[in-house]
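Here the sequence shown is numbered in our numbering, starting from -4 and rising by one per residue.
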Amino acid sequence: MSTGSANAPETAPAAEAPSTAEAPNTAEAAAEAVPRVRRGRPGYDRAQVLEIAVRLFNEQGYDATSVSSLAEELGLSKAAMYHHFASKEQILEIALDDALSGLEAVLDGALADERLPAATQLVTVIEGAVHVLASRLPQVTLLLRVHGNSEIERAALERRRIFDQRVARLVETAQREGVLRADIRPSVATRLMFGMINSIIEWYRPGHTSLTADKLAADVTRVIFDGLRAG
């Protein structure tokens, strides 16, 4: 992991007069095959720019990916990039918030019904976390690879720390209820559980496997609660 300081934010330059080269040409757009990168601002909406940026952050590292290299990958000018986002930092913040909000919503939902046993709530959290990872794989991957080199990264890591603490308290409650073994610290149990869940980013590719998110979540839950021993 890198421990260097974060790069200074890249801010938007003064607005440029629109170029006729950037004007959409419907006839040409309809005629040409869709390449990996389409040229010109009209080829991308905000969500697509975000998706490609997160992919580059994961492939190259956030600090190593400049606005210039992102614009080049998209086939856009830097001015057109700033049409969608004010800075590289804003893209990072949105992507990390997407991952964290998904995890936090799962935990909030599991804890909403206080009548449920803690173990049942914990199962809901584990299954939900796997589904968040599967559905937001690039964003969660980015979250797990940030190093705290910037204020945005440190804020994300703090949110993740609070999430882990809340899950650990849920584990502790399940231990007191006698459902989980009590000879493992709740914080350690939480780290071990999410260590397994987080490792999924290294090998799970939803578009290239018959293993569905539902089946994966069920498998993870069985391993955590029942182990691999038969019988």
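For glycine and all other residues, C-beta sits at the position ideal for the given N, C-alpha and C.
Under the three-state reduction of DSSP, V141 is assigned to coil, being neither helix nor strand.
In the structure shown, T60 adopts coil according to DSSP, grouped into three states. The criterion of a C-beta distance shorter than 9 Å is satisfied by A208 and S130. Inclusion of V49 and A90 in the CB contact set at 9 Å is warranted, their separation being smaller than that value. Residue F52 holds the alpha-carbon nearest to the alpha-carbon of L137 among F52, Q85, A75, S194. The three-state secondary structure of F158, taken from DSSP, is helix.
Judged by their CB atoms, L128 and I196 are nearer to each other than the 9 Å cut-off. In this structure, A124 sits near I192, with a CB-CB distance shorter than 9 Å. Per DSSP, the continuous alpha helix (DSSP H) segment holding H79 begins and ends at 73 to 79. In the structure shown, L165 falls within a helical segment according to DSSP collapsed to helix, strand and coil. A residue is called buried when at least 16 other Cβ atoms come within 10 angstroms of its Cβ; R217 does not meet this threshold and is exposed. The beta-carbon separation of A212 and E122, rounded to 4 Å, stays under the 8 Å limit for a contact. The beta carbons of E172 and A113 sit about 6 Å from each other, so the pair counts as a contact at 8 Å.
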